[in-house]
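Numbering (our numbering), first residue to last: -12 to 280.
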Ligand code: NAP
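In structure tokens form, the structure reads like this:
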């Protein structure tokens, strides 16, 4: 059996919208090529001497300056922390975020530009950002050694998993016995943290499976999604899922949830089991974690 961090050791809401932390951008790096339609950035924010502790799997809130077209302040937006608890830079208090610029065509013409994501993606080094949090208790890593980890991400949903693997490398969280990462992006050029993931996938006990939806196809000729890679790995995953030390984490697009669940149902069926009660039990034991938007 695995154990969760004690509730008292989980930091929450040290900073609030009325009393936020003022962080400074010390790095803003585009993770996708300049010609890609997907503009995704890695931001490193310096907290100075402000004590905003966080654990991998938590989120921080971003306060976007200004008001919407009706004069209301922009809503607080939560972003998963993409750095391990000690931050990305030794000796400095930082928190890193992985942000995709949201630009969507509107049905009535023109486009919707997500206020928070565009604000964050347009920041320059030296700019100030107001942060709240940290928040989140459901996506935390257990603090027991020897677990198996199955991580499933689409797009910027990779953020918490980057925090996880960096935490294992820096030994701020116990290294799992076995790690599986399934990661879906549209194009190979858009694989976020590609260099890191390549090195991570070469570690022993780690398997990284990519689903490049617009360049790879399933046998039926559909876009390749993470759930298709999960089905392919069915036997391997089932032997992990039937162990009581295995934790599943799903992060990214809301739409992936049902597809992932269907893939697990098919794997369980193939092994003569019924997935839904199996997942319910895992969730009750806090071994099935979902964070989708
Ligand atoms: P995206 O680029 O739109 O999509 C990533 C991949 O998922 C693409 O290959 C896409 O394929 C595929 N996909 C689309 N529908 C799918 C489905 N039903 N099942 C499985 N795969 C599917 O992703 P994104 O814009 O980065 O969005 C990531 C999501 O994560 C957002 O909803 C965001 O709010 C959420 N999130 C972000 C953070 C953060 O800290 N930034 C943290 C947690 C969650 P096609 O487009 O080719 O169909």
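The beta carbon of each residue, even a glycine, is placed where N, CA and C say it ideally should be. The structure presented is a predicted model; accordingly, all values stated were derived computationally and were not measured.
Note to self: With H, G and I counted as helix, E and B as strand and the rest as coil, what does DSSP make of residue -2?
What the structure shows: coil
Check: When the Cα of residue 73 is compared with those of 41, 56, 103, which residue comes out closest?
Finding: 41
Next item on the list: Starting from the C-beta of residue 128, find all residues in its chain whose C-beta is less than 7 Å away, skip the five residues before and the five after it, and write them out in chain order.
Entry: 43, 44, 151, 160
Next item on the list: In the DSSP assignment, find the alpha helix (DSSP H) that holds residue 102 and state where it starts and stops.
Entry: Here the alpha helix (DSSP H) through residue 102 covers 102 to 109.
Item checked: Close-in-space but distant-in-sequence residues of the same chain around residue 203 (CB under 6 Å, 5 per side omitted) -> 211
Item checked: Where residue 217 falls: helix, strand or coil (DSSP) -> Note: residue 217 maps to helix in three-state DSSP.
Check: Mind checking whether the beta-carbon of residue 242 lies closer than 7 Å to any heavy atom of the ligand NAP?
Finding: yes
Check: So is the beta-carbon of residue 105 under 7 Å away from any non-hydrogen atom of the ligand NAP?
Finding: no
Margin query: Would you call the stretch 84 to 99 in contact with the stretch 154 to 168, where contact means no fewer than 3 C-beta pairs closer than 8 Å?
Written below: no
Next item on the list: For residue 187, collect the residues of the same chain with a Cβ closer than 7 Å to its Cβ; drop the 5 residues on either side in sequence, then sort them by chain order.
Entry: So the list reads 152, 193, 195, once near-sequence residues are dropped.
Notebook entry, point to check: Whose CA, out of 217, 207, 268, lies closest to the CA of residue 230?
Noted result: 268
Notebook entry, point to check: Just to check, is the beta-carbon of residue 108 closer than 7 Å to a non-hydrogen atom of the ligand NAP?
Noted result: no
Notebook entry, point to check: According to DSSP, is residue 92 helix, strand or coil?
Noted result: strand
Margin query: Residues in the same chain with beta-carbon distance under 7 Å from residue 257, minus the five sequence neighbours each way, listed in chain order, please.
Written below: 221
Notebook entry, point to check: In angstroms, rounded to a whole number, what distance separates the CA positions of residue 213 and residue 17?
Noted result: 24 Å
Check: Is it the case that the Cβ atoms of residue 32 and residue 12 are separated by a distance below 8 Å?
Finding: Yes.
Notebook entry, point to check: Helix, strand or coil for residue 263 per DSSP?
Noted result: helix
Notebook entry, point to check: From the DSSP output, which residues share a beta bridge with residue 139?
Noted result: Residue 139 is bridged by DSSP to 169, 237.
Checklist line | residue 135: CB within 7 Å of a non-hydrogen atom of the ligand NAP | finding: Incorrect: residue 135 has no Cβ contact closer than 7 Å to the ligand NAP.
Next item on the list: Find out if the Cβ-Cβ distance for the pair residue 157, residue 50 is shorter than 8 Å.
Entry: no
Next item on the list: Taking the CB atoms as reference points, tell me whether residue 238 and residue 205 lie closer together than 8 Å.
Entry: no
Check: Within this structure, are the beta carbons of residue 48 and residue 120 separated by less than 8 Å?
Finding: The Cβ atoms of residue 48 and residue 120 lie closer than 8 Å to each other.
Note to self: For residue 148 and residue 3, I'd like the C-alpha separation in whole angstroms.
What the structure shows: 25 Å
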